[in-house]
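One structure is given below, encoded as structure tokens.
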Amino acid sequence: MADIKGIDTESKAVELGERQRSISIAEFFEKNRHLLGFDNKRKALLTAVKEAVDNSLDACEEARVLPEVTVSLTELSEDRFHLVVEDNGPGIVKNQIPQVFARLLYGSKFHKLAQSRGQQGLGISAAILYAQLTTGKPAKIVSRISPKKPAHYYELRIDVEKNTPQILKEEEIVWQKEHGTKIEMELEATYQKGMQSVDEYLKQTAIINPHATIVYMSPKAEQFIYSRATDKLPPLPREIKPHPYGVEIGLLMRMLSSTTSRTLQSFLMNEFSRVGAETAKEICENAALLPSQKPTELTREHAEKLIAGIKNTRIISPPTDCISPIGEELIEKGLKKEIAAEFYCSTTRPPAVYRGNPFVLECGIAYGGQLPAEQPVTVLRFANKVPLLYQQGACGITEAITETNWKSYGLQQSGNSVPAGPAVVLVHMASVWVPFTSEAKEALAHYPEIMKEIKLAVQECGRKLSIYVNKKHHAQRQLERANLFEAYIPEIADSLAALTGVAKTPLLDKLNSTLKKEEIQAQLEVRIPEVEEDMRLPTKHGSNGSEDEEEPASKPLTKKKKEEQKKLK
């Protein structure tokens, strides 16, 4: 059949229909690798290291083993690197190795409501896909689960059209580790130091995971050892069931159709957390549904009523043993281990809930010491103990920090901007499901409940910082007064000796004893050798960026000081 212009639309439709075919997830991400964090060569190197290290830390913690992770980067040629990541985790059983490393969207964490670094089953297989795409070489895997079992060696590629593993080589080998996993890949990348580098990622990982030891060999043949600050493993998060407040109608309908529960009441009690017999009856009553109805027979209209009934029922917040925050003590240990400052504080907020998902916000601040005083503070963002190095401006953490009034806490701030001063601000979110803005997991979404908790955590640490800063300024003023009096002691002693006829030496001793600088320093917990350098107020910076030196005591007296001296005489 032809239209007015003489085109055979029927044959054209048939032709177009023959072109339609399904697309595998591997094919999709091969063309859209930027969605997974492989935007450019520098970021690709960081993402590959990040995914491998995150998997290693997760595996070690689940097996209750103190993590020991080794990362080695070797520059083979311009824009080509050899990456090796090795851990002492529980290892992977033989038949799962190809699936874990060479199949996208395959893992154990997507359907599990418990805190973990990985969520989607994409990370390490996406890194292997990128390496395969840019170099054509397979990934090499070694894994061992027990000293009594042999180590298994695989060379793997991903069949992009089918999203299945291709096993190029498989054998048992001798490996010195009793248990663990080792992955090698060759990829196209660029290595640069800086705030968004592999070096910075591993340093921040060591801060937020003080129980881990990380050994890093950089492409420049530099070895960095980040030793653990504690031998205590974090509590193992427990898996929970979804909370009724977080379920949507589409998910609810799917749960109703697949449940084995025989009644609606038992369905609510068995499939959701914090729903007991009385709560289930109240939900049914508010939804105008019978508790004895069969879940598999409920229609979409029934599901809508059930959603409304859930919203009108007061249900206890979900349990919080599914998340494992770091804790105030370990946050401070992590900061002290890697950041040279003079004051540290931290706080862990009580658990809160967004969309039925429990979460905890933590904050830590390192202040003073060797940190630059005239630059914006360094913001360290973390989600489930993983550093977030990109998209800082689009992150909810950054927005909450900029909306906080830092002037009242002793830092400089211009408008709604990141404050300036010698400080590092750390913010960590722990949750069963972290709401990232993209699949690359680089920034937190701006949920009102999360933004509120970030601000409260930051403000709580800010108050602790304010106490210290005010105490420091008070010490400075006391010491300035004592130093001023000390400068005039010799002349005062001369005058008193001339007036009283007493020898000058005992007068000097008596006047010096009235200073009580040691008592002031002890009261303010200030070490004597560091008074002049550490306890002075921030000074202006010269044109060369270095701090102006403090006035020497031998500097000629100004007119004002001469008048003060005259009054004292």
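Count along the sequence shown from 1, add 1, and you get the number used in my numbering. Cβ coordinates follow ideal geometry from the N, Cα and C atoms, glycine included. Since the model is a prediction, treat every value here as computed from it, not as a measurement.
Inter-residue CB distance, residue 190 and residue 70 (contact presumed, cutoff 8 angstroms): Actually they do not touch by this definition, with Cβ atoms about 19 angstroms apart.
Looking at the secondary structure, which residues open and close the beta strand (DSSP E) in which residue 224 lies? 224-227
Considering only residues of the same chain and omitting the five flanking positions on each side of residue 20, which have a CB-CB separation below 7 angstroms? none
Leaving out five residues before and five after residue 101 in sequence, what residues of the same chain have Cβ atoms less than 8 angstroms from its Cβ? 93, 107, 108, 125, 126
Of all the options 339, 77, 235, 418, which has the alpha carbon lying nearest to the alpha carbon of residue 68? 235
Does DSSP put residue 542 in a helix, a strand or coil? Low confidence applies to residue 542: its pLDDT is 34, below 50, so where it sits in the model is not reliable enough to give any reading.
Where residue 404 and residue 418 are concerned, what is the direct C-alpha to C-alpha distance, given to the nearest angstrom? Take the alpha-carbon of residue 404 and the one of residue 418: they are about 8 angstroms apart.
Is there contact here, the stretch 426-434 with the stretch 482-500, by at least three beta-carbon pairs under 8 angstroms? no
Give the straight-line distance between the Cα atoms of residue 18 and residue 182, rounded to the nearest whole angstrom. 46 angstroms
Given residue 270, which residues of its chain have a CB within under 7 angstroms of its CB, disregarding the five upstream and five downstream residues? Cβ neighbours of residue 270 beyond the five flanking positions: 276, 277, 278, 281.
Do the stretch 166-182 and the stretch 82-98 meet, that is, are 3 or more Cβ pairs less than 8 angstroms apart? yes
Taking the straight line between their C-alpha atoms, what separation do you get for residue 10 and residue 258? Rounded to the nearest angstrom, the two C-alpha atoms are 41 angstroms apart.
What number of angstroms, rounded off, separates the C-alpha of residue 366 from the C-alpha of residue 218? 29 angstroms
Simplified DSSP assignment, three categories, for residue 182: strand
Residues that residue 365 bridges to, as DSSP identifies them: 347, 427.
Out of curiosity, what's the CA-to-CA distance linking residue 383 and residue 167? 35 angstroms
Starting from the C-beta of residue 151, find all residues in its chain whose C-beta is less than 6 angstroms away, skip the five residues before and the five after it, and write them out in chain order. 173
Beta-carbon proximity list for residue 463, same chain, < 8 angstroms, skipping 5 on both sides: Cβ within range, chain order: 366, 405, 407, 409, 410.
Is residue 119 closer than 8 angstroms to residue 56 when the C-beta atoms are compared? yes
By the DSSP assignment, the beta strand (DSSP E) with residue 355 in it spans what residues? 353-355
Ignore the nearest five residues each way along the sequence and tell me which others in residue 30's own chain have a CB closer than 8 angstroms to its CB. 36, 37, 105, 123, 127, 130
In or out: residue 261 buried (at least 16 other Cβ within 10 Å) or exposed? exposed
When DSSP labels each residue in this structure, what does residue 296 get in the three-state scheme? helix
Please classify residue 1: does DSSP put it in a helix, a strand, or coil? Residue 1 lies beyond the range of the chain shown here (2 to 570); nothing can be said about it.
Could you give the distance in angstroms between the alpha-carbon of residue 48 and the alpha-carbon of residue 39? 7 angstroms
Residue 86 by DSSP, collapsed to three states: which one? The answer is strand: DSSP assigns residue 86 an E or B state.
Quick test of the definition: if touching needs 3 or more C-beta pairs under 8 angstroms, does the stretch 322-330 touch the stretch 288-298? no
Identified DSSP bridge partners for residue 69: 214
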